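Enquirer: Here you go, one structure.
Protein chains: 2
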Amino acid sequence: SSIDKGKTLVEKANCAACHGANLNAPILPAYPKLAGQYPEYLYYALRAYQVGNSNPQFGRNNAIMSSQSQPFSDADLKDMAAYIASLPGNFVVKK
Amino acid sequence: SSIDKGKTLVEKANCAACHGANLNAPILPAYPKLAGQYPEYLYYALRAYQVGNSNPQFGRNNAIMSSQSQPFSDADLKDMAAYIASLPGNFVVKK
């Protein structure tokens with residue numbers, strides 16, 4: 053996966069509009085923080101939103117995230133996950 | 053919500069078996085870190101797993117999380133969310 057490509061795609065999708073600065077300060081408390089999650093989980097969640105109700109065994113149904121995830125290829129989602137996982141200053145270990 | 057009650061319930065459910073120490077070190081990269089998420093999001097996600105495919109418009113289908121969430125009342129889930137959100141050392145702001 054390409055973190056650089058992922059950064060471009062995440063900015064294009066304007067994920068920060070809801071998930072906040074560094075994708076770590078959601079604008080609503082019902083939205084998750086994303087930065088620092090494992091890339092595999094982020095990819096899983098993005099793919100689940102993309103699939104949505106077309107496969108309720110796997111998909112997650114969410115109006116916003118469904119439309120947000122639709123434009124992207126599988127490789128795009130993996131790049132985006134790699135970038136989000138790389139964001140610093142979030143899931144750090146307490147000192 | 054009661055953080056203390058939530059702590060007891062989270063320990064009873066053994067969430068750390070998968071989500072790791074302080075619920076911030078998942079044993080598999082496909083699992084999310086939880087500590088420090090907003091309680092509203094944590095409650096939303098727990099409730100979505102509990103609902104599952106009985107309402108695919110809202111539910112999230114996941115075999116493990118479905119069985120994990122089934123035993124708990126709505127108040128329990130809110131207490132658990134409050135406790136998990138309170139866990140330190142995770143989604144901290146970078147200094």
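Line order of the protein sequences matches chains A and B. Sequential numbering of the first sequence, starting at 53, is according to the working numbering. Sequential numbering of the second sequence, starting at 53, is according to the working numbering. Even glycine gets a Cβ: it sits at the ideal position worked out from N, Cα and C. Bear in mind that the values here come from a model prediction, so they are computed numbers and not experimental data.
#1: Our contact map puts L98(A) next to A73(A) with C-beta atoms below 8 angstroms; I'd like the distance itself, whole angstroms only.
#2: Tell me, please, which residues DSSP counts as bridged to R112(A).
#3: Please go through the same chain and pick out, in chain order, the residues whose beta-carbon is closer than 7 angstroms to the beta-carbon of A68(B), but skip the five residues on each side of it.
#4: What residues in its chain sit with their C-beta under 7 angstroms from that of D131(B), if we drop five residues either side in the sequence?
#5: Roughly how many whole angstroms lie between the Cα atoms of F110(B) and I136(B)?
#6: DSSP three-state call for K85(A): helix, strand or coil?
#7: Would you kindly work out how many angstroms separate the C-alpha atoms of N107(B) and N113(A), rounded to a whole number?
#8: Find the nearest neighbour of D126(A) within the set Q102(A), P78(A), L80(A), judged by alpha-carbon distance.
#9: Could you have a look at G58(B) and say whether DSSP puts it in helix, strand or coil?
#10: Determine the direct distance from the alpha carbon of L139(B) to that of I79(A), and round the result to whole angstroms.
#11: Starting from the beta carbon of R5(B), find every residue of chain A whose beta carbon is closer than 7 angstroms, and list them in chain order.
#12: So what does DSSP say about I136(A), is it helix, strand or coil?
#13: Compare the Cα-Cα distances from A100(A) to each of S121(A), G88(A), P84(A), N66(A) and report the closest residue.
Expert: From the atom records:
#1: The Cβ separation is near 20 angstroms, so there is no contact.
#2: R112(B)
#3: L75
#4: S53, S54, K57, G58, L61
#5: 22 angstroms
#6: coil
#7: 10 angstroms
#8: Q102(A)
#9: helix
#10: 21 angstroms
#11: There is simply no residue 5(B) to check, as chain B begins at 53 and stops at 147 in what is shown.
#12: helix
#13: S121(A)
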